[in-house]
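Report on the structure given below.
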Amino acid sequence: MTQTSENVTWLTQEAYNKLKAELEHLTGPARAEISAKIAAAREEGDLRENGGYHAAKEEQGKQELRVRQLTQLLENAKVGEAPAADGVVAPGMVVTIAFDGDEDDTLTFLLASREYASSDIETYSPQSPLGTGVIGHKVGDDAEYELPNGKKALVKILKAEPYES
């Protein structure tokens, strides 16, 4: 999965391949498709009141931003192994915590960057307050992190297992 240390992002080979394929699609077929949309909209005439043209240009801008993000991410990527199943919280793991030690008040989440966010499981960044608070702790440990209001929250690590995509 990922772990960011300064500008280095650690990726599994599978994650690297997935992001590389997305970049190739965006710089190839997707770029040609958006150029064709812009050209077709331009032929419709007055660009000041051409909704299709403006929508296509906005889509192009978003696509180019994603290309820059992926390019930077992949340039700084180090490909490595998925985290070990040793019960120590690390990026790329599914973590279950109990708030204030109350095992009836739990949260299970994937500790990873947004490239892994999915509708299947809530994702928290390793750089988030919760992420930085739990990284390095073992199953059974108590961990503390800072809430947005400046107060501290206590959680107990109940489970930490490598994410299976």
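If you count by our numbering, then the sequence shown holds residues 60 to 224, one letter each, in order. Glycine included, every Cβ here is placed at the ideal spot set by N, Cα and C. This structure is a prediction, so every number in the text was calculated from the model and none was measured.
Helix, strand or coil at residue i [DSSP, three-state]
{"i": "ALA149", "result": "coil"}
{"i": "LEU206", "result": "coil"}
{"i": "ILE180", "result": "coil"}
{"i": "ALA171", "result": "coil"}
{"i": "MET60", "result": "With a pLDDT of only 48 at MET60, under the threshold of 50, the placement of this residue in the model should not be trusted, and no figure is reported."}
Proximity to residue i [Cα-Cα], best of the options
{"i": "ASP179", "options": "VAL153, GLU102 and THR165", "result": "VAL153"}
{"i": "LYS77", "options": "ALA99, ALA136 and GLU205", "result": "ALA136"}
{"i": "PHE168", "options": "LEU133, LEU217, ALA115 and LEU124", "result": "LEU217"}
{"i": "LEU70", "options": "LEU166, ALA149 and GLU108", "result": "ALA149"}
{"i": "LEU189", "options": "LEU129, LEU206, GLU220 and THR165", "result": "LEU206"}
{"i": "LEU132", "options": "GLY209, ALA219 and TYR75", "result": "TYR75"}
{"i": "TYR112", "options": "GLN72, GLN128 and ALA95", "result": "ALA95"}
{"i": "LEU85", "options": "GLN122, GLU102 and LYS116", "result": "GLN122"}
{"i": "VAL126", "options": "LEU106, ARG90, ARG101 and ASP105", "result": "ARG90"}
{"i": "VAL138", "options": "GLU73, TYR204, GLU223 and GLY209", "result": "GLU73"}
{"i": "GLU134", "options": "GLU223, ILE194 and LYS79", "result": "LYS79"}
{"i": "GLN128", "options": "GLU203, GLU223, ASP200 and LEU82", "result": "LEU82"}
{"i": "THR182", "options": "ASP105, GLY151 and ASP164", "result": "GLY151"}
{"i": "GLU92", "options": "ARG107, LYS116 and ASP105", "result": "LYS116"}
Nearest-angstrom beta carbon gap, residue j and residue i [assumed within contact, 8 Å]
{"i": "GLY160", "j": "LYS215", "result": "5 Å"}
{"i": "ALA171", "j": "GLU220", "result": "Not a contact, Cβ separation roughly 13 Å."}
{"i": "GLY146", "j": "LYS197", "result": "5 Å"}
{"i": "GLU118", "j": "ASN109", "result": "Not really, about 14 Å apart at Cβ, beyond 8 Å."}
{"i": "GLY195", "j": "TYR204", "result": "Going by Cβ atoms, the distance from GLY195 to TYR204 rounds to 12 Å, so no, they are not a contact pair."}
{"i": "ASP201", "j": "LEU213", "result": "6 Å"}
Bounding residues of the beta strand (DSSP E) (the contiguous stretch that carries residue i)
{"i": "LEU213", "result": "211-221"}
Boundaries (first-last residue) of the alpha helix (DSSP H) holding residue i
{"i": "LEU106", "result": "Segment: none, LEU106 is in no alpha helix (DSSP H) and carries neither H nor E."}
{"i": "GLY190", "result": "188-193"}
{"i": "ALA80", "result": "72-86"}
Exercise for the section: Identify every run of the beta strand (DSSP E) within the region 117-145, keeping only runs that are complete inside it and at least 3 residues long; order them along the chain. Expected result: 136-139
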